[in-house]
Amino acid sequence: MSKNKHHLLIRGTYFLAATSLIVKILSAVYRVPFQNIVGDEGFYIFQQVYPI
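In numbering that gives the first Met the number 0, the protein residues as written are 0 to 51.
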């Protein structure tokens with residue numbers, strides 16, 4: 000593997016890791032207000048359907 004391709008691979012890996020972390024943080028941030036809006040029962044239903 001050439002040095003340039005190796006550099007692009009490492010850069011892409013860092014980019015994917017950073018975006019994955021950002022998505023997880025945003026997912027955690029929206030759940031609290033969402034649970035307050037729909038209540039415990041609504042959030043329970045959401046959790047049951049979400050994995051599908």
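Ideal placement from N, C-alpha and C gives every residue a C-beta, glycine not left out.
- Task: Name the residue from Lys-2, Tyr-49, Ser-1 whose alpha carbon lies nearest to the alpha carbon of Ser-26.
- Result: Between Ser-26 and the set Lys-2, Tyr-49, Ser-1, the nearest pair of CA atoms involves Tyr-49.
- Message: Which of the three DSSP states is assigned to Ser-26 in this structure?
- Response: Three-state result, Ser-26: helix.
- Query: Grouping DSSP H, G and I as helix and E and B as strand, with all else coil, what is Ser-1?
  - Reply: Coil, per DSSP.
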